[in-house]
């Protein structure tokens with residue numbers, strides 16, 4: 001049910017985004033600063049966040065956010081949020097080596113551990129545990 005958009009829905013979403021006016025430089029800067037502040041305040045930890053709840057939190061219209069992600073970041077909200085969480089998870093793994101993948105997954109806003117595993121396989125070609133072991137070794141070698 002909540003999976004990928006059908007071709008018809010995607011075409012409709014694409015044409016709707018393309019028909020929206022580009023954002024002014026001031027508005028684009030405001031949205032970027034708002035997103036940066038939201039990330040700094042760890043808003044990504046909320047596993048229920050979606051484009052609508054984010055737009056309401058930031059007091060930015062959903063359409064403006066959509067244009068910002070599409071035209072300026074050249075990505076979708078879901079991919080952007082996944083990347084934010086992925087980078088937070090990698091940082092946590094190095095800072096807190098005793099934390100389990102379940103804890104890190106929950107702390108970074110993934111609604112299930114399987115999402116953490118899926119994104120690591122996709123982006124790093126390995127499991128979170130394999131990545132952690134390899135990068136912990138590298139960190140220790142640098143310190144020695």
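In full-length UniProt numbering, the protein residues as written are 1 to 144. Even glycine gets a Cβ: it sits at the ideal position worked out from N, Cα and C. Just so you know, these numbers come straight off a predicted model, no measurement behind them.
Q. Can at least three beta-carbon pairs, one atom from the region 71-82 and one from the region 92-99, be found at a separation below 8 Å?
A. no
Q.
Alpha carbons only, please: which of 107, 137, 127 is nearest the one belonging to residue 47?
A. 107
Q.
Taking 7 Å as the limit between beta carbons, can you name the residues of its chain near residue 45, skipping five residues before and five after?
A. 107, 108, 109
Q. Among 86, 123, 117, which residue has its Cα nearest to the Cα of residue 129?
A. 117
Q. Which one of 63, 42, 38 has the shortest CA to CA distance from residue 21?
A. 63
Q.
Can you find the residues in the same chain that come closer than 6 Å, C-beta to C-beta, to residue 102, ignoring five residues on each side of it along the sequence?
A. 113
(Q) According to DSSP, simplified to helix, strand and coil, what is residue 119? (A) helix
Q. Which of the three DSSP states, helix, strand or coil, is assigned to residue 67?
A. helix
Q.
Helix, strand or coil for residue 82? Go by DSSP, reduced to three states.
A. helix
Q. Helix, strand or coil: which one does DSSP assign to residue 125?
A. coil
Q. What distance in whole Å lies between the Cβ atoms of residue 51 and residue 65, which are believed to be in contact at a cut-off of 8 Å?
A. 6 Å
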